[in-house]
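Asker:
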Amino acid sequence: MIAYIDGTLAYKDPTLAILDVHGIGYEVKISLATYSKLPTENEKAKLYTYQHIKEDANTLYGFLDPNEKALFMHLISVSGIGPGTGIVMVSSMSVGEIRHAIVSEDVRSIQSIKGVGPKTAQRVVLELKDRLRKDELLAKAGVDTVPLAKAHNTNRSEALAALVTLGFARTAAEKALDTIQHKHGNELSIEELIKFALKTH
């Protein structure tokens, strides 16, 4: 998994950026918010990335703001929302607007986004409202809920990635880790988190 790309911006348009890293050009799909904040071509840029691998494609999605990537990851964890729809969503509304719509259960605003039907909009609110509310409470308490900005991922996110690789559904793995950390605290190692999750599964 490529967590971020740090290089020289070789090309940009409203949906795409190419970053040159030591002579290799990485093509990255971007949101409008990221496009609007990118520097001019031939300047340094760093994008936090999500790599989506399918049988016929290997696509990178990139975000200047780690908060935008975190929201994108939340959105694509919802059944019926793929990375293509996720990037449209974060291009249509700001991170703050989407978070507010979900937390305040404003299904109509989410449904107004191209490609998001009424059932999908309801699922987004139902599956993400509690998670985003918890993030907001932690942020107010001074807890960093977006570890992506750091050079390394937290134990939790590494354990989550491992569990998904082991065959867990992402939402089931997140729920399992929530329960484990609530019960045993946040100081568990990656190995302990995975072992507890495997035992409870």
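Number 271 marks the last residue of the sequence shown (our numbering); no jumps.
Note that CB positions come from ideal geometry on N, CA and C, so glycine has one too.
Keep in mind it's a predicted model, so treat the numbers as computed, not measured.
Is L117 a contact residue of the ligand NAD, with contact defined as CB to any heavy atom under 7 Å?
Answerer: Among the components of this structure there are no ligands whatsoever, and the ligand NAD is therefore not found.
Asker: What would DSSP say about K184, mapped onto helix, strand or coil?
Answerer: Locating residue 184 in the sequence shown gives position 114, counting from the first residue. Residue state, collapsed to three classes: coil.
Asker: What's the gap between the Cα of Y120 and the Cα of H144?
Answerer: As a position in the sequence shown, residue 120 is number 50, starting the count at 1. As a position in the sequence shown, residue 144 is number 74, starting the count at 1. Roughly 12 Å between the two C-alpha positions.
Asker: At what residues does the alpha helix (DSSP H) containing F142 begin and finish?
Answerer: One-based indexing of the sequence shown puts residue 142 at position 72. Element bounds for F142: 136-146.
Asker: Would you kindly work out how many angstroms separate the C-alpha atoms of T249 and I94, rounded to a whole number?
Answerer: In the sequence shown, the residue the question calls residue 249 occupies position 179. In the sequence shown, the residue the question calls residue 94 occupies position 24. Between T249 and I94, the C-alpha separation is close to 42 Å.
Asker: Use the C-beta contact count for K139: other C-beta atoms within 10 angstroms, 16 or more gives buried, fewer gives exposed.
Answerer: In the sequence shown, the residue the question calls residue 139 occupies position 69. Per the 10 Å Cβ criterion, buried.
Asker: Over what stretch of residues does the beta strand (DSSP E) that includes I88 continue unbroken?
Answerer: The residue given as residue 88 occupies position 18 in the sequence shown. Looking at the DSSP string, the run of the beta strand (DSSP E) that includes I88 is 86-91.
Asker: Under DSSP, the alpha helix (DSSP H) around L45 begins and ends at which residues?
Answerer: Lying before the first or after the last residue shown, residue 45 is absent from the chain, which here runs from 71 to 271.
Asker: What span of residues does the beta strand (DSSP E) with E97 cover, start to end?
Answerer: As a first step, residue 97 must be located in the sequence shown, where it is residue number 27. Unbroken beta strand (DSSP E) run through E97: 94-100.
Asker: To the nearest angstrom, how far is the alpha carbon of L79 from that of K253?
Answerer: Here residue 79 refers to the residue found at position 9 when the sequence shown is read from its first residue. Here residue 253 refers to the residue found at position 183 when the sequence shown is read from its first residue. So the alpha carbons of these two residues sit roughly 45 Å apart.
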